[in-house]
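*Asks:* If you scroll down you'll find the structure; I have some questions about it.
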Amino acid sequence: MKKILGGLCAAGLLAACAPSVPDNEYLIEGRLEGVPDSTVIALYDMNANLLQVVRQDTLMGGKFTFRDTISTLKRFGIMSDEPGFPNTWLTVWAAPGRRIEVSGSGKLFALWNVKSDLFEQQEETRFVDCAREVLEKQQAYSAAEKDLLMQMHREMQKENSAFPEEIWTQVDSIRRLSDPLQFEIARRQVECMKTAPLSKVWMDNLKTYAGILSAAPKYDEFKDFVALAEPLKELYGTLPDSVKQMPAGKRVYHLLYPSPTVKVGEKMYDSPAFDADGNRHFLAEFSGKYILLDFWSQGCGPCLRSIPELEEITADYADRLAVVSISSDPEEAWKKFLTEKGMKGNQWNELRHDGEGLAAAYGVQGIPHYVLISPDGIVLDTWTGYGKGSLRRKIEEVLR
Numbered sequence: 018m019k020k021i022l023g024g025l026c027a028a029g030l031l032a033a034c035a036p037s038v039p040d041n042e043y044l045i046e047g048r049l050e051g052v053p054d055s056t057v058i059a060l061y062d063m064n065a066n067l068l069q070v071v072r073q074d075t076l077m078g079g080k081f082t083f084r085d086t087i088s089t090l091k092r093f094g095i096m097s098d099e100p101g102f103p104n105t106w107l108t109v110w111a112a113p114g115r116r117i118e119v120s121g122s123g124k125l126f127a128l129w130n131v132k133s134d135l136f137e138q139q140e141e142t143r144f145v146d147c148a149r150e151v152l153e154k155q156q157a158y159s160a161a162e163k164d165l166l167m168q169m170h171r172e173m174q175k176e177n178s179a180f181p182e183e184i185w186t187q188v189d190s191i192r193r194l195s196d197p198l199q200f201e202i203a204r205r206q207v208e209c210m211k212t213a214p215l216s217k218v219w220m221d222n223l224k225t226y227a228g229i230l231s232a233a234p235k236y237d238e239f240k241d242f243v244a245l246a247e248p249l250k251e252l253y254g255t256l257p258d259s260v261k262q263m264p265a266g267k268r269v270y271h272l273l274y275p276s277p278t279v280k281v282g283e284k285m286y287d288s289p290a291f292d293a294d295g296n297r298h299f300l301a302e303f304s305g306k307y308i309l310l311d312f313w314s315q316g317c318g319p320c321l322r323s324i325p326e327l328e329e330i331t332a333d334y335a336d337r338l339a340v341v342s343i344s345s346d347p348e349e350a351w352k353k354f355l356t357e358k359g360m361k362g363n364q365w366n367e368l369r370h371d372g373e374g375l376a377a378a379y380g381v382q383g384i385p386h387y388v389l390i391s392p393d394g395i396v397l398d399t400w401t402g403y404g405k406g407s408l409r410r411k412i413e414e415v416l417r
């Protein structure tokens, strides 16, 4: 009898023999070829694009497993920081009581398959299939670039080391090959959206490409995306009015039809933001002082490296300068981070993702993003990025 049951499983009733999943859990099972055992595979929570590791497993016998409790549909990303993997992720949707199978050969996520009966996962596969062969090439370049950047980081950690120009030249060469492929992926997926049904995945793609389009004027690598302006606007026009009025719909609208941003020399823009206790605040509270706006996220490495310097500046110039840090993180994750790190000062969050408010008005595309405002409310300067000592030098130039 045991032999008969074993034969049935081998003959095609694997689903019946697969481990059951309780109604309050998800199970992700992976089977990979061409990836060495001992490779660490990580599962990330894609909460409002704030990547946070929630589970890790070490590949053994080509297998990895993620299992945890869950109460609603959730989007995860599978990634690995180890050499040879691209600097991106495999999107996996999970839901209560669901078992998801991941299989693949090699380290390029675009070639991995996800078996699931979830509609969202099937739609995810639809958009991957629209550009799979281009994704394969682009991810190979991404993996090479990531390995070079990791090498560059190691070199820069060495005492008295100079910036590794040779490595950066190689990275730049790879990007010149990769950027056109990234655009071709977008072009194909946007074309695919014209016939695909409206879904969470569809809206995610619309938001992503509308966001890249809005950044195109500032970043040369996105210049080709201007060609997608009209197709994206046409897709937005197909949305039901009820969706257009939701935060995601409003965000897409403001990305496609941006309002003018505040320029240097103009009067500052003000709108409400909230502290961790839920109190409402305005920049006008600091009238008569210089204001340094710090737009940041805990998922941004340079943002985190800037925190000690911001704290020093806050203390050294307390009588003349107000530093206001405005996080884009989801409320729960933001509050948890503030508590764990003992963050002090003016820690605010707009608690909105509709494409309006302070971040939109000050043209925040990349972070950290800084805005320096005069005591009489005039924008003196805006800039993006952080290097050690850069904030102090900027403040000293103005407040000396």
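In the working numbering, the protein residues as written are 18 to 417. Even glycine gets a Cβ: it sits at the ideal position worked out from N, Cα and C. Everything numeric in this text was worked out from a predicted model, so none of it was measured.
Quick one: grab the DSSP three-state call for residue 8.
*Replies:* Residue 8 is absent from the structure shown; the chain starts at 18 and stops at 417.
*Asks:* Which whole-angstrom value is the C-beta distance of residue 87 and residue 113, which I expect to be below 8 Å?
*Replies:* 5 Å
*Asks:* Would you call residue 43 buried or exposed, if buried means 16 or more other Cβ atoms sit within 10 Å of its Cβ?
*Replies:* buried
*Asks:* Would the beta-carbon of residue 122 fall within 8 Å of that of residue 58?
*Replies:* Cβ distance not < 8 Å, so residue 122 and residue 58 don't count as in contact.
*Asks:* On the DSSP letters alone, give me the boundaries of the beta strand (DSSP E) that residue 350 sits inside.
*Replies:* Element bounds for residue 350: not the beta strand (DSSP E) but the alpha helix (DSSP H), 348 to 358.
*Asks:* Just list the residues that DSSP pairs residue 50 with in beta bridges.
*Replies:* 122
*Asks:* According to DSSP, simplified to helix, strand and coil, what is residue 170?
*Replies:* If DSSP states are grouped into helix, strand and coil, residue 170 belongs with the helices.
*Asks:* Less than 6 Å between C-beta atoms, sequence neighbours within five positions excluded: which residues of the same chain meet that for residue 140?
*Replies:* 216, 218
*Asks:* Pull the bridge partners of residue 63 from the DSSP assignment, please.
*Replies:* 68
*Asks:* Determine the direct distance from the alpha carbon of residue 386 to that of residue 314, and round the result to whole angstroms.
*Replies:* 10 Å
*Asks:* If we count the other Cβ atoms within 10 Å of its Cβ and call it buried at 16 or more, is residue 299 buried or exposed?
*Replies:* In this structure residue 299 is exposed. Its beta-carbon is surrounded by fewer than 16 other beta-carbon atoms within 10 angstroms.
*Asks:* Buried or exposed for residue 318, please, with buried defined as at least 16 other CB atoms from any protein chain shown within 10 angstroms of its CB.
*Replies:* exposed
*Asks:* Please identify the residue among 181, 161, 177, 110 whose C-alpha is closest to the C-alpha of residue 170.
*Replies:* It is 181 whose Cα lies nearest to the Cα of residue 170.
*Asks:* Please state whether DSSP places residue 94 in a helix, a strand or coil.
*Replies:* strand
*Asks:* Could you give the uninterrupted runs of the beta strand (DSSP E) lying entirely in the segment 255 to 312, keeping only those of 3 residues or more?
*Replies:* Taken in chain order, the complete beta strand (DSSP E) segments of 3 or more residues contained in the segment 255 to 312 number zero; there are none.
*Asks:* Please confirm whether residue 273 and residue 250 have their CB atoms less than 8 Å apart.
*Replies:* Contact flag set, yes.
*Asks:* Would you identify the three-state DSSP class for residue 330, choosing helix, strand or coil?
*Replies:* helix
*Asks:* Cα-Cα, which of 374, 368, 153, 411 is closest to residue 288?
*Replies:* 374
*Asks:* Looking at the structure shown, is residue 371 part of a helix, part of a strand, or coil, going by DSSP?
*Replies:* coil
*Asks:* Give every residue of the same chain whose Cβ lies closer than 6 Å to the Cβ of residue 269, excluding the five residues on either side of it in the sequence, and list them in chain order.
*Replies:* 223, 224, 227, 253
*Asks:* So the candidates are 80, 84, 79, 239; which of them puts its Cα closest to the Cα of residue 72?
*Replies:* 84
*Asks:* Rounded to the nearest angstrom, what separates residue 186 and residue 74 at their Cα positions?
*Replies:* 35 Å
*Asks:* What number of angstroms, rounded off, separates the C-alpha of residue 211 from the C-alpha of residue 105?
*Replies:* 25 Å
*Asks:* How is the alpha helix (DSSP H) around residue 411 delimited, first residue to last?
*Replies:* 407 to 416
*Asks:* Do you know offhand how far residue 296's Cα is from residue 290's?
*Replies:* In a straight line, the C-alpha of residue 296 is about 8 Å away from that of residue 290.
*Asks:* Contact defined as beta carbons within less than 8 Å: I believe residue 103 pairs with residue 126. What is the distance between those atoms, to the nearest angstrom?
*Replies:* 6 Å
*Asks:* How many whole angstroms separate the CB atoms of residue 350 and residue 64, which I take to be in contact at a CB cut-off of 8 Å?
*Replies:* 6 Å between Cβ atoms; contact.
*Asks:* Grouping DSSP H, G and I as helix and E and B as strand, with all else coil, what is residue 225?
*Replies:* helix
*Asks:* Quick one: Cα of residue 286 to Cα of residue 70, how far?
*Replies:* 36 Å
*Asks:* So, under 8 Å CB-CB, residue 312 and residue 209 are touching, yes? Tell me the CB distance rounded to an integer number of Å.
*Replies:* With 8 Å as the limit, residue 312 and residue 209 do not qualify as a contact, their Cβ atoms being about 33 Å apart.
*Asks:* Return the residue from the list 128, 183, 116, 176 that minimises the CA-CA distance to residue 107.
*Replies:* 128
*Asks:* Compare the C-alpha of residue 366 against each of 382, 202, 343 and name the closest.
*Replies:* For the set 382, 202, 343, the Cα lying nearest the Cα of residue 366 is the one of 343.
*Asks:* Tell me, please, whether the segment 240 to 247 touches the segment 195 to 209 by the rule of three or more beta-carbon pairs shorter than 8 Å.
*Replies:* yes
*Asks:* Please report the distance separating the alpha-carbon of residue 339 from that of residue 348.
*Replies:* Straight-line Cα distance between these residues: approximately 23 Å.
*Asks:* At what residues does the beta strand (DSSP E) containing residue 390 begin and finish?
*Replies:* 386 to 390
*Asks:* According to DSSP, simplified to helix, strand and coil, what is residue 365?
*Replies:* strand
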